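A.B. asks: Before anything else, here's the structure in question.
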Amino acid sequence: MIVCSCNVLTDHDVRNVVTQAKDFPRTAGQVYGCLGCSAECGRCARTIK
């Protein structure tokens, strides 16, 4: 499922980063940083949390 239409991120992208990143990102900003992008409109931040 697409959770961020601005960056075309799926729930699988987010889950993989959260479980596999060395620093275990905990905030939406940290997740975006690990994925090499940033929040554009912010509507997905609540879902990513």
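Read in order, the letters of the sequence shown correspond to residues 88 to 136 in this note's numbering. Built from N, CA and C at the ideal position, the CB exists for glycine as well. Every value quoted in this text rests on a predicted model; they were computed, and no experiment measured them.
1. Just reading off the alpha helix (DSSP H) that V105 is part of, what are its end residues?
2. By how many angstroms is the C-alpha of A108 removed from the C-alpha of S92?
3. Looking only at DSSP bridge pairs, what is I135 linked to?
4. What residue range does the alpha helix (DSSP H) around C121 cover?
C.D. replies: In brief:
1. As a working note, residue 105 is residue 18 in the sequence shown. First-last of the alpha helix (DSSP H) with V105: D98 to Q107.
2. What you label residue 92 is simply residue 5 of the sequence shown in a count that begins at 1. What you label residue 108 is simply residue 21 of the sequence shown in a count that begins at 1. For S92 and A108, the distance between alpha carbons rounds to 22 Å.
3. Here residue 135 refers to the residue found at position 48 of the sequence shown. Bridge partners of I135: none, in fact.
4. Indexing the sequence shown from 1 puts residue 121 at position 34. Taken as a continuous stretch (DSSP letters only), the alpha helix (DSSP H) holding C121 covers A115 to L122.
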